[in-house]
Each structure stands twice: as C-alpha cells, then as structure tokens.
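Asks: Numbering (our numbering), first residue to last: 273 to 490.
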Ligand code: AMP
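#1: So what's residue 338 in DSSP terms, helix, strand or just coil?
#2: In terms of residue numbering, what span does the alpha helix (DSSP H) encompassing residue 356 cover?
#3: I'd like to check one pair, residue 388 with residue 281: are the Cβ atoms closer than 7 Å?
#4: Check whether the segment 422-433 touches the segment 332-346, taking contact to mean three or more Cβ pairs, one atom from each stretch, closer than 8 Å.
#5: At a cut-off of 6 Å, is residue 388 close to the ligand AMP when judged by its beta-carbon and the heavy atoms of the ligand?
#6: By the three-class DSSP mapping on this structure, what secondary structure does residue 444 have?
#7: Please classify residue 470: is it buried, with 16 or more other beta-carbons within 10 angstroms of its beta-carbon, or exposed?
#8: Nearest to residue 279 by alpha carbon, out of 398, 378, 449, 480?
#9: Closer than 6 Å to a non-hydrogen atom of the ligand AMP - does that hold for the CB of residue 232?
#10: What are the partner residues of residue 380, as DSSP defines its beta bridges?
#11: DSSP state of residue 371, grouped into three classes?
#12: Bridge partners for residue 346 per DSSP, in chain order?
#13: Say whether the segment 285-299 touches the segment 364-372, bearing in mind that this needs 3 or more beta-carbon pairs closer than 8 Å, one atom from each stretch.
#14: Answer with buried or exposed for residue 286, where buried requires no fewer than 16 other C-beta atoms within 10 angstroms of its C-beta.
#15: Suppose you measure from the CA of residue 483 to the CA of residue 299; what does that come to, to the nearest Å?
#16: Looking at the structure shown, is residue 429 part of a helix, part of a strand, or coil, going by DSSP?
#17: Whole angstroms are fine: how far does the CA of residue 273 sit from the CA of residue 301?
#18: Which whole-angstrom value describes the C-beta separation of residue 254 and residue 397, a residue pair presumed to lie in contact below a C-beta threshold of 8 Å?
#19: Alpha carbon to alpha carbon, what distance is there between residue 468 and residue 415?
#20: Within 10 Å of its beta-carbon, does residue 368 have 16 or more other beta-carbons around it, so buried, or fewer, so exposed?
#21: Classify residue 284 as helix, strand or coil using the three-state DSSP reduction.
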C-alpha cells in the first residue's frame with residue numbers, strides 16, 4: 273500500500289506526475305480541483321456551493337474540503353494506494369489530515385514562479401474530451417482544436433494572470449507552511465519540476481524507491 277500526497281504550485285506539473293504514477297502502479301489519483309470542477313460542470317449541490325470560490329481561484333472552506341476528503345478516502349477503493357493532489361493546502365487542513373490518516377511520503381515539486389506563469393498561461397484543455405495541451409510544451413497541430421476529437425481548445429477559466437497572481441500569493445502564504453510542517457515530520461521528498469516530464473517522474477520514483485518509468489513500460 274502506498275499513500276502519497278503531491279504538492280506544488282499551480283502549473284508545476286503535479287497533475288501530470290500524479291497521473292503517470294497512478295496509471296503505472298494502479299494507485300487512485302484523488303484530485304480535489306477536478307472533483308470540484310466536475311461538480312460545477314454537472315450542476316450538483318456541491319458544485320453550486322463552490323462555484324464562485326473556485327472560479328475566483330480562492331480556497332473553499334476547510335470544513336467542506338475535509339468532509340469531501342474523508343468521504344472519498346472512506347470509499348477504500350484504493351487497493352494499491354492513493355495519490356492525493358490539491359490537499360492539504362493550509363495548516364488547518366494539514367493538521368486534520370495528520371490526525372485522521374497516515375501517509376508514506378509527500379512529494380513536493382518545485383518550480384520557480386516565472387516558469388509557472390509561462391506554463392499556466394499557455395495551458396489549454398479540450399472542451400469536448402478533456403485532453404490537456406500546452407502551447408509551449410505539448411502543442412496541438414492546430415492551436416484551436418483537439419488532435420484527438422476535433423473539439424474546441426479552451427483555457428481554464430482560472431488560468432488568467434489575475435487569478436494566477438492571487439493563487440501564487442496564496443500558495444506561498446498558506447501552502448508553503450504545510451510543506452514545512454511535513455518536512456519536520458520527515459515525510460517530504462523534494463523534486464526539481466522545471467525539467468522535462470519524464471526526468472521529473474523518474475527522479476520522484478527514485479526517491480520513493482519505485483521502479484523507473486522505462487522499466488514499467490510493456
Ligand atoms: P486546483 O485544480 O488544484 O488548482 O483547484 C482548483 C480550485 O479548487 C482551487 O482554486 C480552490 O478553489 C479549490 N480547491 C482545491 N483544493 C482545495 C483545498 N485543499 N482547499 C480549498 N480549496 C481547494
């Protein structure tokens with residue numbers, strides 16, 4: 273059983289890294305932001321409660337997020353383990369988490385703010401099938417349409433300069449102290465996220481004592 277938390281500022285590539293890890297080792301990837309976005313898109317009760325907050329890039333209340341995490345982890349559908357992405361994001365959430373669950377490691381992906389800005393503002397997602405693109409690192413053949421399904425490529429509503437600046441500020445003020453707390457518990461592995469995707473993946477696997485990406489390929 274492997275229980276990990278993955279942390280890093282928006283645009284550091286943690287979603288991609290978590291998905292690669294989850295796919296190869298059959299871990300469940302629990303992405304809090306995706307759960308909220310799904311609820312907003314599908315007009316659920318939870319979606320209605322968090323809609324405005326998420327669109328503004330502000331943090332949803334601790335009670336709501338903690339309740340959601342508790343329910344999600346209590347499903348126990350993670351036979352081989354889980355990777356928690358987007359939680360905890362402040363000290364109160366971290367304390368709740370440490371009291372309620374145990375974890376094996378916290379993966380901290382470090383990327384300088386200016387690199388993150390360039391990455392985030394060139395991020396696109398297919399409005400139809402949800403595939404991710406990046407106009408710098410992973411360009412579609414045509415910048416307006418999805419290579420896979422031909423759907424229209426759009427920017428996430430919170431991927432704009434104003435919201436990004438707020439989120440970077442919130443991250444440094446509220447989330448960085450969480451990493452410091454986990455560091456004191458000797459749970460953190462630090463990875464340089466400014467390199468290419470595969471190099472980052474293999475470095476974090478090496479530090480976690482997992483087989484490298486190449487050896488896992490069929
Ligand atoms: P993300 O995709 O991780 O950037 O999350 C998108 C949005 O979901 C954030 O801007 C917050 O509004 C909300 N959110 C995600 N995780 C949390 C959390 N741990 N605590 C509070 N709000 C969160």
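The beta carbon of each residue, even a glycine, is placed where N, CA and C say it ideally should be.
Replies: By the coordinates alone:
#1: Position 66 of the chain shown, counted from the first residue, corresponds to residue 338. Helix.
#2: Walking along the chain shown from the start, residue 356 turns up at place 84. Run containing residue 356: none in the alpha helix (DSSP H); it sits in the beta strand (DSSP E), 353-357.
#3: Working through the chain shown from its first residue, we reach residue 281 at position 9. Working through the chain shown from its first residue, we reach residue 388 at position 116. Yes; because the gap between Cβ atoms is below 7 Å, this pair is in contact.
#4: no
#5: Counting from 1 along the chain shown, the entry for residue 388 is found at position 116. No, the ligand AMP has no heavy atom inside 6 Å of this Cβ.
#6: To locate residue 444, count along the chain shown from 1; it is residue 172. It is helical.
#7: To locate residue 470, count along the chain shown from 1; it is residue 198. Flag for residue 470 reads exposed.
#8: In the chain shown, residue 279 corresponds to position 7, counting from 1. Here the closest residue by C-alpha is 378.
#9: Since the displayed the chain opens at 273 and closes at 490, residue 232 lies outside it and no answer follows.
#10: Locating residue 380 in the chain shown gives position 108, where the first residue counts as 1. Its beta-bridge partners are 279, 462.
#11: For this step, residue 371 is matched to residue 99 along the chain shown. If DSSP states are grouped into helix, strand and coil, residue 371 belongs with the helices.
#12: In the chain shown, residue 346 corresponds to position 74, counting from 1. Beta-bridge pairing links residue 346 to no other residue.
#13: no
#14: Here the question's residue 286 lines up with position 14 in the chain shown. The residue is buried, with at least 16 neighbouring Cβ atoms inside 10 Å.
#15: Here the question's residue 483 lines up with position 211 in the chain shown. Here the question's residue 299 lines up with position 27 in the chain shown. Looking at the two C-alpha atoms, the distance is approximately 14 Å.
#16: In the chain shown, residue 429 corresponds to position 157, counting from 1. It is coil, neither helix nor strand.
#17: Here residue 301 refers to the residue found at position 29 of the chain shown. Here residue 273 refers to the residue found at position 1 of the chain shown. Residue 301 and residue 273: Cα-Cα distance of roughly 14 Å.
#18: The question about residue 254 has no answer here: the residues shown for the chain are numbered 273 through 490.
#19: The residue given as residue 415 occupies position 143 in the chain shown. The residue given as residue 468 occupies position 196 in the chain shown. Roughly 21 Å between the two C-alpha positions.
#20: For the purposes of this step, residue 368 is taken as residue 96 along the chain shown, with counting starting at 1. Buried, since its Cβ has 16 or more Cβ neighbours within 10 Å.
#21: Here the question's residue 284 lines up with position 12 in the chain shown. The answer is coil: DSSP assigns residue 284 none of H, G, I, E or B.
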